[in-house]
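> The following block contains the structure, expressed as structure tokens.
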Amino acid sequence: MKFKVWGPLLGALVLVSTVRAQSGDERILAAKEAARTGNRHQLETLAAATEAHPLEPYVQYWLLSNRLVRAEPAPEVELLAFLQREGGSLLAERLRGEWLKRLAKEGDWANYLQVFAGMQDPDRELTCHAWNARWRGGDATALDPAAAAWGDLVEAPPACDPVLQALALSGRMGADDLWWRFRHQMEGRNPGKARLTLAWLPADEAPADGELDRLLKSPSLYVDRLPPNFAVSRAGRELAIGALVRIARDDPRAAAARFARLDDRLRPEERSYVYGILGWVASRDHMPEAIQWYRAAGDVRVGPEARAWRVRAGLRAGDWKQVRLAVESLPPAERGQAEWIYWRGRAESALGDRELARQDFERIAGQPNFYGILASEELGRHFTVPPVAAPVSAAELARVQGDPGIQRTLALIRLDMRTEAVREWNWGLKGRDDRFLLAAARFAESNGIYDRAISAADRTVNEHDYQLRYLSPYRDRIEPNARERNLDLAWVYGLMRQESRFIPAAKSSVGAQGLMQIMPSTGKWIAGKLGMKGYQVGWLSDPDTNVMFGTTYMRMVLEGLDDHPVLASAAYNAGPGRAKKWKDERPLEGAIYAETIPFTETRDYVKKVMANAVIYAALFNGQAPSLKARLGTIAPRHGAEAGSPDPGAGLGD
Numbered sequence: 002m003k004f005k006v007w008g009p010l011l012g013a014l015v016l017v018s019t020v021r022a023q024s025g026d027e028r029i030l031a032a033k034e035a036a037r038t039g040n041r042h043q044l045e046t047l048a049a050a051t052e053a054h055p056l057e058p059y060v061q062y063w064l065l066s067n068r069l070v071r072a073e074p075a076p077e078v079e080l081l082a083f084l085q086r087e088g089g090s091l092l093a094e095r096l097r098g099e100w101l102k103r104l105a106k107e108g109d110w111a112n113y114l115q116v117f118a119g120m121q122d123p124d125r126e127l128t129c130h131a132w133n134a135r136w137r138g139g140d141a142t143a144l145d146p147a148a149a150a151w152g153d154l155v156e157a158p159p160a161c162d163p164v165l166q167a168l169a170l171s172g173r174m175g176a177d178d179l180w181w182r183f184r185h186q187m188e189g190r191n192p193g194k195a196r197l198t199l200a201w202l203p204a205d206e207a208p209a210d211g212e213l214d215r216l217l218k219s220p221s222l223y224v225d226r227l228p229p230n231f232a233v234s235r236a237g238r239e240l241a242i243g244a245l246v247r248i249a250r251d252d253p254r255a256a257a258a259r260f261a262r263l264d265d266r267l268r269p270e271e272r273s274y275v276y277g278i279l280g281w282v283a284s285r286d287h288m289p290e291a292i293q294w295y296r297a298a299g300d301v302r303v304g305p306e307a308r309a310w311r312v313r314a315g316l317r318a319g320d321w322k323q324v325r326l327a328v329e330s331l332p333p334a335e336r337g338q339a340e341w342i343y344w345r346g347r348a349e350s351a352l353g354d355r356e357l358a359r360q361d362f363e364r365i366a367g368q369p370n371f372y373g374i375l376a377s378e379e380l381g382r383h384f385t386v387p388p389v390a391a392p393v394s395a396a397e398l399a400r401v402q403g404d405p406g407i408q409r410t411l412a413l414i415r416l417d418m419r420t421e422a423v424r425e426w427n428w429g430l431k432g433r434d435d436r437f438l439l440a441a442a443r444f445a446e447s448n449g450i451y452d453r454a455i456s457a458a459d460r461t462v463n464e465h466d467y468q469l470r471y472l473s474p475y476r477d478r479i480e481p482n483a484r485e486r487n488l489d490l491a492w493v494y495g496l497m498r499q500e501s502r503f504i505p506a507a508k509s510s511v512g513a514q515g516l517m518q519i520m521p522s523t524g525k526w527i528a529g530k531l532g533m534k535g536y537q538v539g540w541l542s543d544p545d546t547n548v549m550f551g552t553t554y555m556r557m558v559l560e561g562l563d564d565h566p567v568l569a570s571a572a573y574n575a576g577p578g579r580a581k582k583w584k585d586e587r588p589l590e591g592a593i594y595a596e597t598i599p600f601t602e603t604r605d606y607v608k609k610v611m612a613n614a615v616i617y618a619a620l621f622n623g624q625a626p627s628l629k630a631r632l633g634t635i636a637p638r639h640g641a642e643a644g645s646p647d648p649g650a651g652l653g654d
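Going by this note's numbering, the first residue of the sequence shown is number 2, and it counts up by one from there.
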């Protein structure tokens, strides 16, 4: 097969080739490799030969980072000099973070706090170390922020354990708090973390050694072999509940059957909690029992996922009273999210309170997202592209072009260091005003760096340019493919924007490749359907072939899924088999289908693709179509259909 190279891509390749020949680029790449392999001598030699290169700070960063990782004494003078010289930069932040991890490992808490004071955006691990440093230094208020964040630290890194333990052992967190933490750890994917929580309980309240291990080895067997007097202690009851939770994750009905044998020995709140968990897992599996179990749970305290799925269970059942009740029971921060504002408005409307519904819709109408567009339509308005901001001036463009962070981003991209480039770009855009963001977007677009152009344009607050937010590059190649397969061009672009942000060389962590993020196995299947012999994975790297394969796959899944773009979008991400499985026994509103997709990634993906398609249509045609009409109605589930591989073409982002 002869591969074509598109004009813009060819230009980029020529640029890279030219730049690689520039003085200093080879040294940067050699230093990166020396840092990766731990070649200390070569790294020191390269770092000593400083040059005027945009990426010179990276060479010095790699050297200092390498020294921090090694067992040698930390070069404090050099570290401080680098932080002062590169103050405010991404590399200063990263090096400071690595130095802090070294200080924490050494238990040098006094110096830790001094260095930590310079962090601009510390992660959870570094923040917990700072709390610990203050607490060890005798600061009586050090545990206050940890106590306030207790509910968010269920899956905290080990760095948080000392302050959490201090809260427990000091009595700041009582038995109820510890058992709450235990419950939510049992709900998660790593229940083994609950061992430490149990160790913080007073000796007379903790379960016997080995009980948790026995439970985790076989939750079903654990419940079946519970002694008659298991309920006399809270530990006995909580471990039984934990076992039911683990069973429910795989088989809600099996958990419910065992629960029925135990519920008379549990206390009311404990029974309600189990019902809440059953409702949660059943709603994710679209089981009819979900509503019944949620109702039995009442207003018991459950985690955020269980709370969200309580709303979705009501939507799936068409029970608007349940939807309204579930939304209103959410904590304020969650209740203020766009999706729940929209669904409460829909519930109010269905229950006859049009004024309350109008108030809810007005809160989010006009926002350029799935629920903002839907809310506008409920008020009788279609999405309108905001007025275009004033053109970027030459001075504004020069300001961006001269910015050190932008220069580093360009240098990193041309040397195929895209991960580092994305970090630099995102760091450099923090706190920037709209004019800088628009200029950065225009600069990136003119250099063919489409993903960064979108990233910058997406951040504007008051002045916007949707031609930059929703770029449509390669149209001369993409439109013929869409037209040949009778696909809506706006939908194709909406999907591609979500898949690759128009990076021809994009590759996901699981191997999806190219503009349309096609999995190698899916590419092979498509090639077979097209009668193309000798398939090779390398074909997916060719933009023309990638778009041809991707649009072919879109047409195939569309035809196999009732010609419905919501189902086809879900199938593109998660596979046709799952898209069919997520249907209901009765017709289902498209927005409700999207909201009740069990996979978080696919649920978000479908919403974004469908909203993107409306915005692209508005840009292409001058008028936005109705999103609600496009979402339409999902036909009831029927017999299995063959013909498409179950893995999706790509995984979105």
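All C-beta atoms, glycine included, are put in the ideal place defined by N, C-alpha and C.
Since the model is a prediction, treat every value here as computed from it, not as a measurement.
1. For residue 639, which beta-bridge partners are listed by DSSP?
2. Threshold first: 4 residues or longer. Then list the alpha helix (DSSP H) segments lying entirely within the region 375-418, N to C.
3. Considering just the uninterrupted stretch of the alpha helix (DSSP H) at residue 281, what are its terminal residues?
4. With residue 102 as the anchor, note down where its alpha helix (DSSP H) starts and where it stops.
5. Output the boundary residues of the alpha helix (DSSP H) element that contains residue 558.
6. My output table needs one value for residue 51: the three-state DSSP class, helix, strand or coil.
7. As an exercise, report each continuous alpha helix (DSSP H) stretch of at least 4 residues that is fully enclosed by the region 150-201, in chain order.
8. What are the complete beta strand (DSSP E) segments, minimum 3 residues, inside the region 302-348?
9. Are the CB atoms of residue 101 and residue 117 nearer to each other than 9 Å?
10. Could you check what DSSP says for residue 508 in three-state terms: helix, strand or coil?
11. Using three-state DSSP, classify residue 23 as helix, strand or coil.
12. Quick check on residue 23: buried or exposed, where buried means 16 or more other Cβ atoms within 10 Å of its Cβ?
13. Leaving out five residues on either side along the sequence, give the residues of the same chain with a beta carbon under 6 Å from the beta carbon of residue 236.
14. Thinking just about the alpha-carbon of each residue, which of 62, 397, 605 is nearest to the one in residue 496?
15. Bridge partners of residue 565, per DSSP?
16. I'd like to know whether the C-beta atoms of residue 614 and residue 598 end up nearer to each other than 9 Å.
17. What's the call for residue 570, buried or exposed, on a 16-neighbour Cβ count within 10 Å?
18. Hey, is the region 277-295 in contact with the region 252-261, meaning 3+ C-beta pairs nearer than 8 Å?
19. Alpha carbon to alpha carbon, how far is residue 76 from residue 99? Give it in angstroms, no decimals.
20. When the Cα atoms are used, what is the spatial distance from residue 427 to residue 396?
21. What residue range is occupied by the uninterrupted alpha helix (DSSP H) comprising residue 577?
22. Does the ligand SAH have a heavy atom nearer than 8 Å to the CB of residue 423?
23. For the alpha helix (DSSP H) that residue 523 lies in, which residues bound it at each end?
24. Kindly provide the ranges of any alpha helix (DSSP H) runs that are 4 or more residues long and lie completely inside the region 207-273, ordered along the chain.
25. Would you mind sorting residue 140 into buried or exposed? The rule is 16 or more other CB atoms within 10 Å of its CB.
26. Take residue 486 and list the residues in its own chain whose beta-carbon comes closer than 6 Å to its own, dropping the five residues that flank it on each side.
27. For residue 634, does the three-state DSSP call read helix, strand or coil?
28. What residues in its chain sit with their C-beta under 6 Å from that of residue 636, if we drop five residues either side in the sequence?
29. What is the DSSP secondary structure of residue 56, reduced to helix, strand or coil?
30. Let me confirm a value: residue 303 is counted as buried when at least 16 other C-beta atoms fall within 10 Å, else exposed. Which label applies?
31. So, with DSSP's three-state summary, where would you put residue 488?
32. For residue 446 versus residue 469, is the C-beta distance shorter than 9 Å?
33. Check each candidate in 53, 224, 247, 282 and name the one with the smallest Cα separation from residue 264.
34. So, is residue 584 buried or exposed, given that buried needs 16 or more other C-beta atoms within 10 angstroms?
35. Determine, using beta carbons only, whether residue 617 and residue 475 come nearer to each other than 9 Å.
36. Do you know offhand how far residue 152's Cα is from residue 182's?
With the given structure in hand:
1. Paired residue(s): none; residue 639 is not in a bridge.
2. 395-402, 405-415
3. 269-285
4. 91-107
5. 544-561
6. coil
7. 162-170, 176-188, 195-200
8. none
9. yes
10. strand
11. Any reading at residue 23 is ruled out, since the residue's pLDDT is 40, under 50, leaving its predicted position unreliable.
12. At residue 23, the pLDDT of 40 sits below 50, so the modelled position is not reliable and the matter cannot be decided from this model.
13. 208
14. 605
15. Answer is none; residue 565 lacks a bridge partner.
16. no
17. buried
18. yes
19. 13 Å
20. 22 Å
21. 577-582
22. By its list of ligands, the structure shown contains no ligand whatsoever, and the ligand SAH lies outside what it can speak to.
23. 521-530
24. 212-218, 220-225, 235-251, 253-263
25. exposed
26. 552, 556
27. strand
28. 563
29. coil
30. buried
31. coil
32. yes
33. 224
34. buried
35. no
36. 8 Å
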